[in-house]
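Some notes on the structure that comes next.
2 protein chains.
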Amino acid sequence: MKSKKTDRRIKYTKMVLRESFVKLLKQKPISKITIKEICEEADINRATFYSHYSDQYDLLRQIETGLLSDINEYLAGYSFSDNGSESIQILQKIFEYVQENAEVCSVMLSDKGDISFQQEVMKIVQKQCISEWTKKSVNKELAEYIYSFAVTGSVGVVHKWLKEGMKQSARELAEMVINLTNRGISAFV
Amino acid sequence: MKSKKTDRRIKYTKMVLRESFVKLLKQKPISKITIKEICEEADINRATFYSHYSDQYDLLRQIETGLLSDINEYLAGYSFSDNGSESIQILQKIFEYVQENAEVCSVMLSDKGDISFQQEVMKIVQKQCISEWTKKSVNKELAEYIYSFAVTGSVGVVHKWLKEGMKQSARELAEMVINLTNRGISAFV
DNA sequence: AAATTTATTCAACACATCGTTTATTATTTC
DNA sequence: GAAATAATAAACGATGTGTTGAATAAATTT
Chain A
1 MKSKKTDRRI KYTKMVLRES FVKLLKQKPI SKITIKEICE EADINRATFY SHYSDQYDLL
61 RQIETGLLSD INEYLAGYSF SDNGSESIQI LQKIFEYVQE NAEVCSVMLS DKGDISFQQE
121 VMKIVQKQCI SEWTKKSVNK ELAEYIYSFA VTGSVGVVHK WLKEGMKQSA RELAEMVINL
181 TNRGISAFV
Chain B
1 MKSKKTDRRI KYTKMVLRES FVKLLKQKPI SKITIKEICE EADINRATFY SHYSDQYDLL
61 RQIETGLLSD INEYLAGYSF SDNGSESIQI LQKIFEYVQE NAEVCSVMLS DKGDISFQQE
121 VMKIVQKQCI SEWTKKSVNK ELAEYIYSFA VTGSVGVVHK WLKEGMKQSA RELAEMVINL
181 TNRGISAFV
């Protein structure tokens with residue numbers, strides 16, 4: 001499973017580079033962030049940066065994929081009861097993870113992050129919930145459209161939730177998303 | 001209303017710059033596109049670029065706001081019957097516009113474009129449909145979450161629609177989005 | 001149609017960041 | 001402690017940036 005253990009120095013270098021980058025990303029769009037700048041902030045030699053990342057966008061992507069595998073690992077740690085409300089439980093766990101890592105997640109899911117990542121996040125839900133979905137038989141093409149709607153819609157909700165300071169609990173948000181997905185507005189009137 | 005008419009040369013310059021830029025945007029992410037490159041493609045002097053735009057991102061933003069005001073103008077040209085299906089009609093018109101301008105729109109709404117624009121597009125729908133929404137009384141905070149879900153979800157559907165070559169009609173897509181928004185999956189089982 | 005205004009071009013500029021290299025130093029691992 | 005590996009420092013040519021001022025070309029105005 002674990003591929004050797006990585007050198008402490010590498011761990012440190014990557015950590016400070018990530019932190020400096022996220023810090024800068026809070027202040028300005030990625031397009032205005034230079035590699036020189038990231039390295040100065042992190043106090044890491046520029047040549048060292050290049051031995052780990054090809055550019056800012058590569059660094060961003062590595063942070064994102066790190067988060068994704070982190071979420072997957074986090075979910076793997078739980079077994080969900082098969083009583084028809086698995087989707088809510090899974091969503092709840094994901095939202096809890098997002099809550100616990102709000103600093104990074106709020107940047108990555110904001111308009112500073114990129115669209116493809118946002119979709120990747122919610123594809124995890126899709127993957128986890130897919131068995132429940134397919135119980136409700138609809139034709140495949142239609143199902144894919146419903147997926148797109150539900151997945152991107154959920155990202156929108158999470159985005160708003162983060163922006164407003166996460167006032168609701170992860171559980172409440174999960175219930176809301178499931179309701180919206182299953183019954184739309186009619187669930188709330 | 002109209003603020004003088006703009007010089008023909010300006011019109012031309014801006015047009016070819018936009019075209020060249022969109023062409024490049026189909027090939028690679030905006031971060032890899034240089035101003036030098038756009039100008040060579042358009043056969044426009046680099047100094048001229050700077051007299052109209054500050055950088056690639058400014059150019060992108062201007063294209064986007066152009067599209068938005070274009071859609072608004074397009075919608076203003078129609079009056080919608082007030083028989084409870086206004087939302088469908090408005091959505092249909094918007095989707096027709098997207099269809100007619102598929103080349104630009106598919107780039108702008110893809111992961112090449114930026115998130116804020118995608119949300120702006122669907123805020124037009126929100127604005128247009130808001131009266132119909134508020135009929136169904138829900139509390140304001142909840143309503144905003146529902147908006148977020150519906151709006152971003154709809155963008156997801158449109159994105160998919162464009163990517164798959166717009167097989168459905170604008171009308172069909174409008175109906176699908178309205179159904180998903182109002183009744184969720186339950187509308188399709 | 002000529003005069004005037006305005007846009008674009010051209011060439012040059014100093015400047016910053018880029019991405020790579022090479023020798024040297026520091027740290028970690030075994 | 002020895003060997004291996006990572007980070008540093010300094011230098012490099014290369015490339016794109018953003019701005020300039022003078023010359024040219026095209027539009028609009030009269």
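Protein chains in written order, with the working numbering: chain A, 1 to 189; chain B, 1 to 189. Virtual Cβ for every residue (Gly too), placed ideally from N, Cα, C.
Under 9 Å by beta carbon: chain B residues contacting residue i
| i | result |
| --- | --- |
| S20 (chain A) | What S20 (chain A) touches in chain B: nothing, since even the nearest Cβ is about 19 Å away. |
| Y53 (chain A) | Here the premise fails: no neighbours, minimum Cβ distance about 14 Å. |
| S31 (chain A) | I30, S31, D55, Q56 and Y57 |
Residue closest to residue i, alpha-carbon to alpha-carbon, out of the options
| i | options | result |
| --- | --- | --- |
| A76 (chain B) | B:E40, B:G113 and B:I90 | B:I90 |
| L142 (chain B) | A:S148, A:A187 and A:Q119 | A:A187 |
| V98 (chain A) | A:K28, A:M122, A:I115 and A:S87 | A:M122 |
| S106 (chain A) | A:R8, A:I44, A:T181 and A:G156 | A:G156 |
| T13 (chain A) | A:P29, A:R46, A:K28 and A:M166 | A:R46 |
| N179 (chain A) | A:H159, A:S85 and A:R18 | A:S85 |
| R9 (chain B) | B:I38, B:S51, B:E37 and B:V22 | B:S51 |
| K167 (chain A) | A:L109, A:E96, A:D58 and A:R18 | A:E96 |
| L60 (chain B) | B:R18, B:V177 and B:K163 | B:R18 |
| S148 (chain A) | B:Q126, B:G184 and B:K140 | B:G184 |
| P29 (chain B) | A:E103, A:Y57 and A:Y78 | A:Y57 |
| E103 (chain B) | B:T48, B:N139 and B:H159 | B:H159 |
Per-residue DSSP class, three states only, for residue i
| i | result |
| --- | --- |
| V189 (chain A) | coil |
| L24 (chain B) | helix |
| N101 (chain A) | coil |
| Y12 (chain B) | helix |
| I115 (chain B) | helix |
| T34 (chain B) | coil |
| E141 (chain A) | helix |
| M1 (chain B) | Confidence at M1 (chain B) is low in this model, with a pLDDT of 48, below 50, so the placement of that residue should be treated as unreliable; the coordinate-derived value is given next. M1 (chain B): coil per DSSP, three-state reduction. |
| F197 (chain A) | Here chain A comprises residues numbered 1 to 189, so residue 197 (chain A) is not present and cannot be evaluated. |
| G66 (chain B) | helix |
| K167 (chain A) | coil |
| Y57 (chain B) | helix |
| S110 (chain B) | coil |
| H159 (chain A) | helix |
| T6 (chain B) | coil |
| N179 (chain B) | helix |
| I44 (chain B) | coil |
| S51 (chain A) | coil |
| S85 (chain A) | coil |
Assigned exposure category for residue i - 16 Cβ within 10 Å defines buried
| i | result |
| --- | --- |
| A150 (chain B) | buried |
| V189 (chain B) | exposed |
| Q128 (chain A) | buried |
| M1 (chain B) | The predicted model places M1 (chain B) with a pLDDT of 48, which falls under 50 and marks its position as unreliable; any figure quoted below should be read in that light. M1 (chain B) should be labelled exposed. |
| D114 (chain B) | buried |
| T6 (chain A) | exposed |
| K93 (chain A) | buried |
| S81 (chain A) | exposed |
| G153 (chain B) | buried |
| G165 (chain A) | exposed |
| Q27 (chain B) | exposed |
Contacts that residue i makes with chain B (C-beta to C-beta distance below 7 Å)
| i | result |
| --- | --- |
| F49 (chain A) | In chain order: nothing, as chain B lies at least about 17 Å away. |
| S186 (chain A) | N182 and R183 |
| F80 (chain A) | Going along chain B, no residue has its Cβ under 7 Å from F80 (chain A), so there is no contact; the nearest lies around 20 Å. |
| M166 (chain A) | Result: empty, since nearest Cβ-Cβ is about 13 Å, beyond 7 Å. |
Neighbour list for residue i in chain A, Cβ cutoff strictly below 7 Å
| i | result |
| --- | --- |
| S116 (chain B) | D111 |
| V151 (chain B) | G156 |
Contact belief for residue i with residue j at Cβ below 8 Å, rounded distance in angstroms
| i | j | result |
| --- | --- | --- |
| E41 (chain B) | S20 (chain B) | 4 Å |
| L24 (chain A) | I33 (chain A) | 5 Å |
| I146 (chain A) | I71 (chain A) | About 23 Å separates the two Cβ atoms, so there is no contact after all. |
| E120 (chain A) | L68 (chain A) | 6 Å |
| D111 (chain A) | S116 (chain B) | 5 Å |
| E64 (chain B) | M15 (chain B) | Contact doesn't hold; Cβ gap of about 16 Å is too wide. |
| I190 (chain A) | E172 (chain A) | The structure shown does not extend to residue 190 (chain A), since chain A spans only 1 to 189, so no value can be given for it. |
Partners in chain A for residue i, counting only beta-carbon separations shorter than 8 Å
| i | result |
| --- | --- |
| I94 (chain B) | Simply none; closest approach about 16 Å. |
Contact list for residue i against chain B, beta-carbon separation under 8 Å
| i | result |
| --- | --- |
| K160 (chain A) | E144, Y145 and S148 |
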